[in-house]
Amino acid sequence: MSNKGLIRFLAIALALACLFHLSFSLVTWKVKGDAQKAANGDPAKEAKYLDSISAQKVYPLLGYTYKECLENELNFGLDLKGGMNVILEISVADVVTALSSNSQDATFLAAMKEAKENQKNSQDDFITLFGKAFEKNASQGARLAAIFNNTNLQGKVNFNSSNDDVLKVLRSESEAAIANSFNVLRTRIDRFGVTQPNIQQLAGQTGRILVELPGVKDPERVKNLLKGTANLEFWETYNYSEIESKLLAADQKVRMLKQSGYDFDKNDIVVDNAEADSSANQSLLGEAAADSVKVASNEEYNPILGGSIRRSSGYDGACIGYYQAKDTATINKYFAAPQVKDLLPRDLRLYWAVKPTDAFRNDPTVTEDYYDLVAIKVTSRDGAAPLTGDAVTDAREEFDDRKGGNAMVSMTMNGDGARTWARITKDNRGRQVAIVLDNYVYSYPTVQSEITGGNSQITGNFSVQEAKDLANILKSGKLPAPAKIIEEEVVGPSLGQATISQGMWSFGVAFLIVILYMIFYYRTAGIASAIALVCNLFFLFGVLASIGAVLTLPGIAGIVLTMGMAVDANVIIYERIREELHNGKGLKLAIQDGYSNSYSA
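Position in the sequence shown (from 1) plus 616 gives the number in my numbering.
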């Protein structure tokens, strides 16, 4: 009796545990159903609805929020739920370029170009191809050590290192960079919130990483997360008034070049006389400085400044103009022309904002999205930012109560970073400081006072998911080189749903046929076996949910196989019991001997 009592206790405890874990799936399925009804088939509205209730308690009996229920529900794999399959490649060439400190040595550049070309039709790794190309293009006595003897490889390469020694160091550093990229990507994906992601390095393919993300509904968000290098920089900025005359001169120069038929795509030089061109530039600067007339809103007369929405009168910030997305490429070409560059300060860089501006949110006449073009001021001799993301030790998404609860990212810096940030903010009180990630401006707030302690925020009209992704990228670290997506496959919701429906139909039909057969053939004993089969499946799904396992199409096939094995066991037992009854034994003894004698089978 004690054994029976223990078995009953364990069975009841296991049943309650399975019921507890499966109840989360019931709750999430109900909430998702409500979201579909509220959205009327619009995926964007459905996602917004679910995002809005993520922190609400949808399981009031136990006090769990929707987000917590999602974390505990029964999970489906890529083949059932849909999702994304991506192969990334970390470019060894980019790593070598970074290790050279972006060397402009002619031999180095020629060797890199040839190695990239040869890699298309060669089985050799890039470092080997680069070494051969360098030997081929180098003049007598040229050595790799002269290029790679820099701060990046300090202590590993010196001026006396042979070419073979440098190549060994480059191979070791590139392998370490790939391993580091793998760890960074894995950390980002783990924090992305996808259930049971799969990430692995592909054997035999240097620098290639496979990523599988079940249930992903926003492929663009995933691609941005995976490709971003997380190169965070903090820059001082120019005020518009400080460079207005030079921008006006650049405007007039672009107008003159357009009138002369200049090809901005090829940067064809129209004026061959450099001295005359320089004199013309000085004349343009003088005219612009003396001109007190405001820029005309005429795109033909002012190709650069006339093509943007003008700021309010008296504006003097870091933004030189707002442009539609379709015009940004043209503006980039104008500023890239050598004759235009000569008119602008050498320490000026222009970066686009990552998101459309909200400066015209309340202006009904502005119906298109416009992007800020921000004037960055380079204060160091080497062109590096005064403060980078290496100083950031922690980042997290939060909400700004002062601005209607908008999402933002809070950062914590190390000691050196905190001191540098305090100096930058102290020197730029009343001016704007730009926070730039991967060459896009995320925000450029006006400094009110010196910021000490190393704590600061990035704001920029972020959604909750954007703030979360940005914090994720900053916290997980930056990639040594950009990760390039060379292959991607998206399993859409329709294909995933079709697979689920087919799998569940086959499972349900098989289950129903087996139960009906058992009841028809064994009568009362068949009913008992059907109940046992249902309990078997209940425990199976409950255990899968409790350990966070993922249900896949092969998993469903395995469950059907398990169900068949359970039925086989019942058939063996019942047939042995029948044999014992035919031998004249009573029912109780026949059942006892039937079970005992069927164990061996």
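We put the beta carbon where it would ideally sit given N, CA and C, even for glycine.
Bounding residues of the alpha helix (DSSP H) (the contiguous stretch that carries residue i)
i: valine 1063; result: Element bounds for valine 1063: n/a, residue is neither H nor E.
i: valine 1057; result: Looking at the DSSP string, valine 1057 is not in any alpha helix (DSSP H); the run it does join, the beta strand (DSSP E), is 1056-1059.
i: leucine 1203; result: 1203-1214
i: glycine 937; result: Per DSSP, glycine 937 belongs to no alpha helix (DSSP H); it is in the beta strand (DSSP E), 935-940.
i: serine 857; result: 856-875
Buried versus exposed call for residue i [16 or more other C-beta atoms within 10 Å across all chains shown]
i: glycine 1202; result: exposed
i: isoleucine 623; result: exposed
i: proline 830; result: buried
i: valine 909; result: The predicted model places valine 909 with a pLDDT of 38, which falls under 50 and marks its position as unreliable, so this point remains unresolved.
i: isoleucine 1129; result: exposed
i: glutamate 984; result: exposed
i: histidine 1198; result: exposed
i: serine 1212; result: exposed
i: lysine 993; result: buried
i: serine 895; result: Interpretation of serine 895 is limited by its pLDDT of 45, a score under 50 that renders its predicted location unreliable; no figure is taken from the coordinates.
i: isoleucine 947; result: buried
i: proline 919; result: buried
i: leucine 1053; result: buried
i: asparagine 1186; result: buried
i: serine 788; result: exposed
i: threonine 1041; result: buried
i: methionine 617; result: In this predicted model, methionine 617 has a pLDDT of only 49, less than 50, meaning its place in the structure is not dependable enough to derive any value.
i: serine 1233; result: Past the edges of the chain, shown from 617 to 1217, lies residue 1233, and the structure says nothing about it.
When the options are compared against residue i, the one with the closest alpha-carbon
i: serine 707; options: Ala953, Asp879, Ile825; result: Ile825
i: asparagine 768; options: Asp781, Ser716, Val782; result: Ser716
i: glutamate 684; options: Ser641, Asn656, Asn718, Ala663; result: Ser641
i: glutamate 1191; options: Tyr1137, Leu1156, Ser670, Ala651; result: Tyr1137
i: isoleucine 805; options: Asn1186, Asp1085, Leu818; result: Asp1085
i: lysine 957; options: Thr1041, Leu677, Gln756, Leu864; result: Leu864
i: lysine 646; options: Ala629, Gly679, Leu873, Glu689; result: Glu689
i: lysine 971; options: Tyr1056, Ala1141, Pro676; result: Tyr1056
i: isoleucine 1135; options: Asn796, Leu786, Gln1081, Ala1146; result: Ala1146
i: serine 778; options: Asn766, Ala758, Val1106, Ser797; result: Ala758
i: glycine 999; options: Ala953, Trp851, Asn1077, Ser876; result: Trp851
Short Cβ contact (7 Å threshold) for residue i with residue j
i: valine 702; j: alanine 793; result: no
i: threonine 713; j: asparagine 753; result: no
i: alanine 991; j: threonine 1075; result: no
i: valine 674; j: tyrosine 682; result: yes
i: tyrosine 938; j: tyrosine 986; result: yes
i: alanine 866; j: leucine 725; result: no
i: glutamate 791; j: asparagine 814; result: no
i: isoleucine 1207; j: isoleucine 1193; result: yes
i: arginine 1012; j: alanine 941; result: no
i: aspartate 988; j: cysteine 935; result: yes
i: glutamine 608; j: tyrosine 1058; result: The first residue shown for the chain is 617 and the last is 1217, placing residue 608 beyond what the model contains.
i: valine 832; j: methionine 700; result: yes
i: alanine 849; j: threonine 1004; result: Sequence inspection shows glutamate at residue 849; the alanine mentioned does not correspond to that position. The answer is yes: Cβ separation under 7 Å.
i: histidine 637; j: alanine 1161; result: yes
i: isoleucine 1189; j: glycine 1210; result: yes
i: alanine 655; j: lysine 661; result: yes
Endpoints, beta strand (DSSP E) assigned at residue i
i: aspartate 988; result: 986-993
i: threonine 1009; result: 1008-1016
i: lysine 673; result: 673-675
i: threonine 1028; result: 1022-1029
i: isoleucine 1163; result: Where isoleucine 1163 is concerned, there is no enclosing beta strand (DSSP E), given that its DSSP letter is neither H nor E.
i: threonine 983; result: No beta strand (DSSP E) holds threonine 983; DSSP gives it neither H nor E.
i: isoleucine 815; result: 814-817
DSSP-derived helix/strand/coil call for residue i
i: asparagine 1152; result: helix
i: isoleucine 1051; result: strand
i: proline 1170; result: helix
i: arginine 965; result: strand
i: glycine 1082; result: Note on identity: in this sequence residue 1082 is glutamate, with glycine being the wrong assignment. Glutamate 1082: helix per DSSP, three-state reduction.
i: glutamate 687; result: helix
i: asparagine 1088; result: helix
i: leucine 696; result: helix
i: valine 773; result: coil
i: arginine 824; result: strand
i: isoleucine 706; result: strand
i: lysine 1100; result: strand
i: tyrosine 589; result: One cannot answer for residue 589 here, as it falls past the ends of the chain, which runs 617 to 1217.
i: glutamine 898; result: Here glutamine 898 scores only 47 on pLDDT, less than 50, and its place in the model should not be relied on; the value that follows carries that caveat. Helix at glutamine 898.
i: leucine 970; result: Per the sequence shown, the amino acid found at residue 970 is valine instead of leucine. DSSP places valine 970 in coil when its eight states are reduced to three.
i: glutamate 891; result: Residue placement at glutamate 891 is flagged as unreliable, the pLDDT there being 41, under the threshold of 50; the coordinate-derived value follows with that caveat. In the structure shown, glutamate 891 sits in a helix (DSSP, three-state: H, G or I).
i: glutamine 561; result: As displayed, the chain neither begins before 617 nor continues past 1217, which places residue 561 out of reach and without an answer.
i: serine 790; result: helix
i: threonine 1068; result: coil
Short CB-CB distance (under 7 Å) between residue i and chain B
i: glycine 649; result: Chain labels in this structure do not include chain B; a single protein chain is all it has.
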